[in-house]
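In the numbering used here, the protein residues as written are 9 to 340.
Following this line, the structure appears as structure tokens:
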């Protein structure tokens, strides 16, 4: 469950102490190639074994949603895709990519795709890797992960005594609260001269930063392990149970391995102009389409929070946490 924006991450990292010092072949432009270190040290994500909501194709998500403003479809739009999504900004920041299907009975697209035995997704591209060059020597690389659905906690995922506020025989006890369509998570690795010095894990509205050599960071061939929490997809450096928002619980285990960079888009961000340029992992993958417009979209990647009058909406007794909340904004 990630609600931050890239600008917010830049500000947050500025406050962290310096513990983190067409498809046809063509002429290869080295400035458009992904530096080796970006993939060499890229995170490996362990998805929870029982989480039904897997990483989702960013473009496919657009095919199953409708751009709405104040609950009404925006008229006169072309078919939306990764190359034109920013045109929605003309309608303001309250635009919401709203599910075409009833989320109470999730359609297949909301479940995403399960990685194969090598950790690769066969068709979905749920990852966007964005390089931010702060100086000629210092580079922050963001690894963004997309899921079409985020499942919040139910009352069993709460510390005592709050886990007893509902009658155990009532249906409400099994309902998850804080669900939303669309979910962006991320890791950020800080490099100096192509050598990693620190890593950040997004977790709900906040996150954790570690020195690269911290004993708490597990690595395989120099690639850090990331444990994606059941339902919420918050990122942790280890498996186990973690408390967030004072009383709620996240569960992580080494269920299914996902290697995000095997199915990713790569970009370089110009900090001054705040524009992105697409990069390519291999020369033969250079294409005519830049696929950058989606990055500039300022609206929501899921439904707006349903009103209390909506029969799907419920709230946790005494605390008022709604069953469905608004989808997040994107990496921008």
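Ideal Cβ positions, reconstructed from N, Cα and C, are used throughout, including at glycine.
Using three-state DSSP, classify residue 52 as helix, strand or coil. strand
Can you say whether residue 131 is buried or exposed, counting buried as having 16 or more other CB atoms within 10 angstroms of its CB? exposed
Status (buried if at least 16 other CB within 10 Å, exposed otherwise) for residue 223: exposed
Tell me, which residues are paired with residue 227 by DSSP? 232
Report the rounded CA-to-CA distance for residue 210 versus residue 319, giving the unit in angstroms. 32 Å
Just to confirm the assignment, what range does the alpha helix (DSSP H) spanning residue 66 have? 66-71
Curious, which full-length alpha helix (DSSP H) runs of at least 4 residues does the region 269-301 contain? none
Would you list the residues sitting across from residue 266 in a DSSP beta bridge? 53
Give the C-beta separation of residue 392 and residue 299 to the nearest angstrom, bearing in mind that I take them to be a contact with Cβ-Cβ under 8 Å. As shown, the chain starts at 9 and ends at 340. That puts residue 392 outside it, with no answer to give.
Quick check: the Cα distance between residue 111 and residue 229, rounded to an integer number of angstroms? 40 Å
Can you check whether the CB of residue 61 is closer than 9 Å to the CB of residue 200? no
Alpha carbons only, please: which of 260, 309 and 336 is nearest the one belonging to residue 54? 260
Per DSSP, cross-strand counterpart(s) of residue 7: For residue 7 there is no data in the structure shown, the boundaries of the chain being 9 and 340.
Excluding five sequence neighbours on each side, which residues of the same chain lie with their C-beta closer than 8 Å to the C-beta of residue 93? 70, 301, 302, 304 and 305
Please state whether DSSP places residue 137 in a helix, a strand or coil. strand
Whose C-beta lies closer than 6 Å to the C-beta of residue 226 among residues of the same chain, with five residues either side of it excluded? 233
Taking just the CA atoms, how far does residue 105 sit from residue 86? 14 Å
For the beta strand (DSSP E) that contains residue 219, what are its first and last residues? Run containing residue 219: 214-219, per the beta strand (DSSP E) assignment.
Compare the beta carbon distance of residue 56 and residue 185 with 9 Å and say whether it is the shorter of the two. no
Assess contact between the region 97-104 and the region 126-141, defined as three or more Cβ pairs (one per stretch) separated by less than 8 Å. Is contact present? Segments in contact, no.
Taking the beta strand (DSSP E) that residue 206 belongs to, which residues open and close that run? 203-211
So, at 8 Å on beta carbons, what are the nonlocal neighbours of residue 40 in its own chain, with the 5 sequence-adjacent residues on each side left out? 285, 286, 287, 288 and 294
Starting from residue 193, follow its DSSP beta bridges and name the residues at the other end. Answer is 153.
Is residue 101 closer than 9 Å to residue 338 when the C-beta atoms are compared? no
Quick one, are the C-beta atoms of residue 59 and residue 244 less than 9 Å apart? The Cβ atoms of residue 59 and residue 244 lie no closer than 9 Å to each other.
Based on Cα-Cα distance, which residue from 331, 256 and 148 lies nearest to residue 43? 148
Alpha-carbon to alpha-carbon, residue 262 and residue 247: 7 Å
Can you find a heavy atom of the ligand FMN that lies under 8 Å from the Cβ of residue 244? The model on display carries no ligand, and the ligand FMN is accordingly not part of it.
So, is residue 32 buried or exposed, given that buried needs 16 or more other C-beta atoms within 10 angstroms? Its pLDDT being 42, under 50, residue 32 is placed unreliably by the model, and the measurement read from it follows with that caveat. Looking at its Cβ environment, which holds fewer than 16 other Cβ atoms inside 10 Å, residue 32 is exposed.
Based on the DSSP output, what are the partners of residue 198 in its beta bridges? 148 and 206
Please report the straight-line C-alpha distance between residue 205 and residue 107, rounded to a whole angstrom. Their Cα atoms are separated by approximately 40 Å.
So, residue 123 versus residue 266, is the Cβ gap smaller than 9 Å? Residue 266 is positioned such that its CB atom lies closer than 9 Å to that of residue 123.
Rounded to the nearest angstrom, what separates residue 29 and residue 216 at their Cα positions? Only weak support is given to the placement of residue 29: the predicted model assigns it a pLDDT of 43, under 50, and the value that follows is read from those uncertain coordinates. Looking at the two C-alpha atoms, the distance is approximately 16 Å.
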